[in-house]
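Engineer: Chains as they are written, first to last, in our numbering: chain A, 510 to 705; chain B, 510 to 705.
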C-alpha cells in the first residue's frame, strides 16, 4: 500500500522523481506512466497532481531552473573572474547532469510554449544574476544584456556539443568559455559607455 | 492556364516561392496550399514535386542554407578581421531577411529531423568556411571548432533577440559580435597549441 503523504510533500516527491528521470530521458519520454512507475504510485495519483503532461513537464523544468539558479550563486567577496569561473563550472555541471532534457529545451524538441517560457525565464535569471554581480542590475546597458544572452547561448551550445563529442578535455571547455566571458563583458560595458 | 515549365525550372520556381514566403512566415505556416496560391499553380502540382510538407520545408531550407554560404564568401585577399566583419554582416542580414523561418530552425519549432539536419549542415558549413579562412580547415584543432560553433550560436541568439527588441543600434550588435570573434578565435588557437 502506498504511504499517504501530505499534499505538498507528495507533489514535491513526484517532481523530484521527474527531475531524476530527466537526467537520462528527454521530456518527450517522461509521462504520467513513467513517473508513476518510478515513484511506486498509481497513474491516477500523478494525474491528480498534474492533469496534463505539459503541467508535469513545466513543474519539473521550473524546479530544475530554480536549482540551477541556486547552484550558480557565488561568494560576492570573491573577485569577478573567479566568480565567473565558479558559476560557469556549475552551469556546465548542471547541463552535464541532465543532458537529455536540457537538449530538449535548448534545441527544439520543446514544442511546448510553457516549456519555452520556463527556459526563457531561466536564461533571464542567469543573466540578471551576472548583471547583479557586475553591479549593473538596476539599469543594465542594453548591449551588455544582449552580449550576456549571447554568451549564455555559447555556453549551452558548446557544452551540449562537448557532451556529444568529448573532443577536448573539460578544462579546455571551461577555459575557452571563461575567456570568452572575461574578454567580452568588459568590452561590452565600454562600447555602451562610449555610445551613451 | 498555367504556363508549362521544364521539370527543374518548375521545381526551382516553387522553392523560390517558398523562400519568399519563409521571409515572413515560419515553416509551420508554409504548406502546399500556401505555395500553390503564391505561385498561381494547383496544390496537386506542388504535391507532385514535394509529396510531403517535410520534403517541401527541407528543399526551402537547403536552398536558403546554400544561399547563406554563398553570401558569406569574402575576398581572400582581405585581412582576417575585415573578412570576419563582412561575413558577419552578411550572416546578420541573412537572419534579418528570414527571421520567422530562422527562428523556427534555431529555436525549437523545428520538430522535423530533416530540418534539424539541414540546419546542422548549414552551421557546419559556416564553421568550415571560417576554418578555411584561418588556414586550419585540413586539421582543425578541436577547441577551435568548438569555439566557432559557440560563436555561431552567439551570432544567432543575439541577432534573433536584437530583431525582437531592437535594444541597440545594428552597428553595436555587429561590433560586439565582431569583437567576440576576434578576441576568442586566436585565443582558442593558442589554448590548443599549448595543449598539444
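The C-beta atom is built at its ideal place from N, Cα and C for all residues, glycine as well.
Using alpha carbons as the reference points, say which of A:542, A:634 and A:563 lies closest to residue 553 of chain A.
Structural biologist: A:542
Engineer: Name, please, each residue of chain B whose Cβ falls closer than 8 Å to the Cβ of residue 638 of chain A.
Structural biologist: The contacting residues do not exist; residue 638 of chain A stays about 18 Å from chain B at best.
Engineer: Of all the alpha helix (DSSP H) runs that stay within the bounds of the segment 604 to 636 of chain A, which reach a length of 4 or more residues?
Structural biologist: 608 to 615
Engineer: Does the Cβ of residue 649 of chain B have 16 or more other Cβ atoms within 10 Å, making it buried, or fewer, making it exposed?
Structural biologist: buried
Engineer: Counting only Cβ pairs nearer than 8 Å, list the residues of chain B close to residue 534 of chain A.
Structural biologist: The contacting residues do not exist; residue 534 of chain A stays about 17 Å from chain B at best.
Engineer: Do residue 593 of chain B and residue 652 of chain B have their C-beta atoms within less than 9 Å of each other?
Structural biologist: no
Engineer: Looking at the C-beta of residue 677 of chain A, does it have a partner C-beta in chain B at a distance below 9 Å?
Structural biologist: yes
Engineer: Would DSSP call residue 644 of chain B helix, strand or coil?
Structural biologist: coil
Engineer: Kindly indicate which three-state DSSP category residue 590 of chain B falls into: helix, strand or coil?
Structural biologist: helix
Engineer: Going by DSSP in three states, residue 684 of chain A sits in which element: helix, strand or coil?
Structural biologist: helix
Engineer: Is the Cβ of residue 623 of chain A closer than 9 Å to any Cβ of chain B?
Structural biologist: no
Engineer: Report yes or no: do three or more beta-carbon pairs, one from the segment 634 to 648 of chain B and one from the segment 681 to 689 of chain B, lie closer than 8 Å?
Structural biologist: Because the criterion of three Cβ pairs below 8 Å is not met, the segment 634 to 648 of chain B and the segment 681 to 689 of chain B do not touch.
Engineer: Quick one: residues in its chain with C-beta nearer than 7 Å to the C-beta of residue 697 of chain A, no 5 flanking neighbours on either side, listed in chain order?
Structural biologist: 652, 653 and 656
Engineer: Step through the CB atoms of chain A and report whether any lies within less than 9 Å of the CB of residue 634 of chain B.
Structural biologist: no
Engineer: Does DSSP put residue 668 of chain A in a helix, a strand or coil?
Structural biologist: helix
Engineer: What did DSSP end up calling residue 675 of chain A once you bin it into helix, strand or coil?
Structural biologist: Here DSSP, grouped into helix, strand and coil, assigns residue 675 of chain A to coil.
Engineer: Restricting to runs no shorter than 4 residues, where is the alpha helix (DSSP H) found entirely within the segment 517 to 592 of chain B?
Structural biologist: Annotation note: the segment 517 to 592 of chain B contains the following uninterrupted alpha helix (DSSP H) runs of length 4 or greater, listed N- to C-terminal: 541 to 548, 552 to 558 and 562 to 581.
Engineer: Are the CB atoms of residue 558 of chain A and residue 523 of chain A within a distance shorter than 9 Å?
Structural biologist: The answer is yes: Cβ separation under 9 Å.
Engineer: Under a CB-based cut-off of 9 Å, is residue 539 of chain B close to chain A?
Structural biologist: no
Engineer: Residue 672 of chain A touches chain D at which residues, Cβ-Cβ below 8 Å?
Structural biologist: Of the protein chains in this structure, namely A and B, none is chain D.
Engineer: Report the three-state DSSP secondary structure of residue 513 of chain A (helix, strand or coil).
Structural biologist: Correct three-state label for residue 513 of chain A: coil.
Engineer: Rounded to the nearest angstrom, what separates residue 682 of chain B and residue 546 of chain A at their Cα positions?
Structural biologist: 49 Å
Engineer: Just mark residue 666 of chain B as buried or exposed, buried being the case when its beta carbon has 16 or more other beta carbons within 10 Å.
Structural biologist: buried
Engineer: Considering only their Cβ atoms, is the gap separating residue 528 of chain B from residue 569 of chain B smaller than 9 Å?
Structural biologist: yes
Engineer: Drop a sphere of 10 angstroms on the beta-carbon of residue 647 of chain A, count the other beta-carbons inside from all chains shown, and report buried for 16 or more, exposed for fewer.
Structural biologist: Residue 647 of chain A is exposed by the Cβ-count criterion.
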